[in-house]
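Numbering (our numbering), first residue to last: 176 to 485. To keep things clear, I will list the structure first and then write my remarks on it.
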Amino acid sequence: MQRILQPGEIEALDAIDFPRIRLPRPAELYAERAARLRQLADGHPIADYLRFVALLADGQAAAAATVKTTPPDAAVLQRALEHGMPPLPTQDKPDPAWREVLAQIVERALAAGDTLPAPLREQLQRLRTMDAAALDALAVDLLDEDVDADTAALQPVVMAALQLVWADRASRLDADALGVPAEPTTCPVCGTPPVASVLRIGGAAGGHRYLHCALCATEWHMVRVKCSHCESTAGVRFLGVEDGGKTVLAETCSACHSYRKQVDQHQDPLAEPLADDLASLRLDLLMAETEFERASGNPLLALPEPADEA
Numbered sequence: 176m177q178r179i180l181q182p183g184e185i186e187a188l189d190a191i192d193f194p195r196i197r198l199p200r201p202a203e204l205y206a207e208r209a210a211r212l213r214q215l216a217d218g219h220p221i222a223d224y225l226r227f228v229a230l231l232a233d234g235q236a237a238a239a240a241t242v243k244t245t246p247p248d249a250a251v252l253q254r255a256l257e258h259g260m261p262p263l264p265t266q267d268k269p270d271p272a273w274r275e276v277l278a279q280i281v282e283r284a285l286a287a288g289d290t291l292p293a294p295l296r297e298q299l300q301r302l303r304t305m306d307a308a309a310l311d312a313l314a315v316d317l318l319d320e321d322v323d324a325d326t327a328a329l330q331p332v333v334m335a336a337l338q339l340v341w342a343d344r345a346s347r348l349d350a351d352a353l354g355v356p357a358e359p360t361t362c363p364v365c366g367t368p369p370v371a372s373v374l375r376i377g378g379a380a381g382g383h384r385y386l387h388c389a390l391c392a393t394e395w396h397m398v399r400v401k402c403s404h405c406e407s408t409a410g411v412r413f414l415g416v417e418d419g420g421k422t423v424l425a426e427t428c429s430a431c432h433s434y435r436k437q438v439d440q441h442q443d444p445l446a447e448p449l450a451d452d453l454a455s456l457r458l459d460l461l462m463a464e465t466e467f468e469r470a471s472g473n474p475l476l477a478l479p480e481p482a483d484e485a
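In structure tokens:
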């Protein structure tokens, strides 16, 4: 007699057949992201911004070859794994290497000269003059998502540096040793929500959906029938822009009234979660007219919290 498998049992079988967690390969990741951003920028309404983020990704890829982060403490790592907690949480003080990465990214972006819009050059120069204490305080605020109009202008560049540092440390973990996270909808490495989900093609991961961490770029599997925000299996639907293709769709959930984008490499093999999320702002604008709220943001697109009304 055959029996029906429950969701938890299905996931247990999935983990045997293909990688449950995909750790980042920073140099390759950021080079591919830069190329995708430039491809998407052609004829795009926010082409200048996409090209600016491509410059940041260039800096990330270059810095990936030289960055020297501190290896995770073995005892702390083991304790986190035993309790199903992220081993590199954002609550940790950023690795000091992040400031050197930031300097490299800033200098590389400034080398673009007059091709960079004046407001962006001004923010890069501003970061250049900040001391270590001020930079660390800014990093902590942004990791805590404490964003105001002043810090929002600096967020994309600072978060680009923090992304690389967390990705570098994540890349040196053992994916097989990472346990099932206590919160399956947040990154098993750093605890950050995903920027989007991605349907992968090719290799052992092909045909499966992964959530893509907004910070360290770790990807972890989640079955398609579940909402990537609340894990509900009821009321999950996909919405897209008319005549906009199916590469990027909004996964909506009637249970939690949230949405998160899904990027499908079967529709476009070059699709990249963070880049395609940035380039599909028109979908976000249309979703703002619905009952669904975005589940989590993109760290390279800063939107300050609205001021409290008196």
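Glycine included, every Cβ here is placed at the ideal spot set by N, Cα and C. Note that the coordinates shown come from a computational prediction; the quantities given were computed from them, not determined experimentally.
Cβ-based neighbour list, residue 340, same chain, cut-off 8 Å, excluding 5 preceding and 5 following | 242, 244, 269, 270, 272, 273 and 276
Residue 312: buried (16+ other C-beta within 10 angstroms of its C-beta) or exposed?
-> exposed
Do the segment 406-418 and the segment 344-353 touch if we need at least three Cβ pairs shorter than 8 Å?
-> no
For residue 573, is the classification buried or exposed, using 16 other Cβ atoms within 10 angstroms of its Cβ as the cut-off for buried?
-> Summary: the structure shown does not reach residue 573, with the chain confined to residues 176 through 485, and so no result is reported for it.
Own chain, CB closer than 7 Å to residue 375, minus 5 neighbours either side, in chain order = 381, 383, 385 and 440
Residue 201 classed as buried or exposed, judged by whether at least 16 other C-beta atoms fall within 10 angstroms | buried
List the residues that DSSP assigns as beta-bridge partners of residue 436.
-> 425
For residue 280, three-class secondary structure by DSSP | helix
Measure the Cβ-Cβ separation of residue 280 and residue 234 and say whether it is below 8 Å.
-> yes
Return helix, strand or coil for residue 464, following the three-state DSSP convention.
-> coil
Same chain, Cβ closer than 6 Å to residue 429, neighbours up to 5 away in sequence not counted = 410
Which of helix, strand or coil DSSP assigns to residue 394 = strand
Would you be able to state if there are at least three C-beta pairs under 8 Å between the segment 207-216 and the segment 318-331?
-> no
What's the C-alpha gap between residue 402 and residue 447?
-> 20 Å
To the nearest angstrom, how far is it from the Cα of residue 334 to the Cα of residue 342?
-> 12 Å
Where residue 425 falls, given that 16 or more other Cβ within 10 Å makes a residue buried = buried
Out of 458, 466, 450 and 308, state which residue places its alpha-carbon closest to the alpha-carbon of residue 420.
-> 458
Nearest to residue 454 by alpha carbon, out of 206, 205, 223 and 203?
-> 223
Who are the near neighbours of residue 292 in its chain, counting only those whose CB is closer than 7 Å to its CB and skipping five residues on each side?
-> 223
Compute the distance between the beta-carbons of residue 452 and residue 371, then report whether it is under 8 Å.
-> yes
Of the residues 209, 262, 464 and 331, which one's Cα is nearest the Cα of residue 366?
-> 262
Is residue 259 closer than 8 Å to residue 357 when the C-beta atoms are compared?
-> yes
With hydrogens ignored, establish whether the beta-carbon of residue 455 is closer than 7 Å to any heavy atom of the ligand FMN.
-> This structure lacks the ligand FMN; in fact it carries no ligand of any kind.
Taking C-alpha atoms, which residue in 450, 405 and 444 lies nearest to residue 434?
-> 405
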